[in-house]
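Residue numbers (the numbering used here): 34 to 159.
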């Protein structure tokens, strides 16, 4: 398969409420809009909020978002009234993570990769 682009598509219960959350609360920039949908830039990917969904996301679904400073982003989002699921902490696998939820309960993990983590260290010469 030769993948040219990809995006995650969310079908929220209330599209306008979810668009406001991702645009105004998380501060994601809009890549494009079309009738019934909004596509946001999400780092190296895209997030589309379109259509109308059912009772909410599966607990097996998680939106993984890498940030530069997980504590600063978390504190700012808490001040904006975001639903907090877990405070920032260093996980056994070495990443700093905090967990929040969108208005439909979609779990979002904010991740900071520490300077000395293998994901940021060139291990070719070890």
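No residue lacks a Cβ here, since even glycine has one placed at the ideal position from N, Cα and C.
Verify whether the separation of the beta carbon atoms of residue i and residue j is less than 9 Å.
i: residue 117; j: residue 123; result: no
i: residue 142; j: residue 98; result: yes
i: residue 79; j: residue 139; result: no
i: residue 133; j: residue 81; result: no
i: residue 83; j: residue 69; result: yes
i: residue 58; j: residue 113; result: yes
i: residue 44; j: residue 87; result: yes
i: residue 62; j: residue 74; result: yes
Which of helix, strand or coil does DSSP assign to residue i?
i: residue 148; result: coil
i: residue 143; result: strand
i: residue 36; result: coil
i: residue 51; result: helix
i: residue 110; result: helix
i: residue 129; result: strand
i: residue 134; result: strand
i: residue 117; result: strand
i: residue 104; result: helix
i: residue 56; result: helix
Just to check my reading of the structure: residue i and residue j have Cβ atoms closer than 8 Å, yes? What is that Cβ distance to the nearest angstrom?
i: residue 131; j: residue 119; result: 6 Å
i: residue 129; j: residue 147; result: 6 Å
Distance cutoff 9 Å, beta carbons only. Does residue i sit that close to anything in chain C?
i: residue 157; result: No chain C is present in this structure, which holds just one protein chain.
Quick one: is residue i buried, meaning 16 or more other Cβ sit within 10 Å of its Cβ, or exposed?
i: residue 85; result: exposed
i: residue 154; result: exposed
What residues match up with residue i in a beta bridge as DSSP calls it?
i: residue 81; result: 42 and 72
i: residue 154; result: Bridge partners of residue 154: none, in fact.
i: residue 96; result: 141
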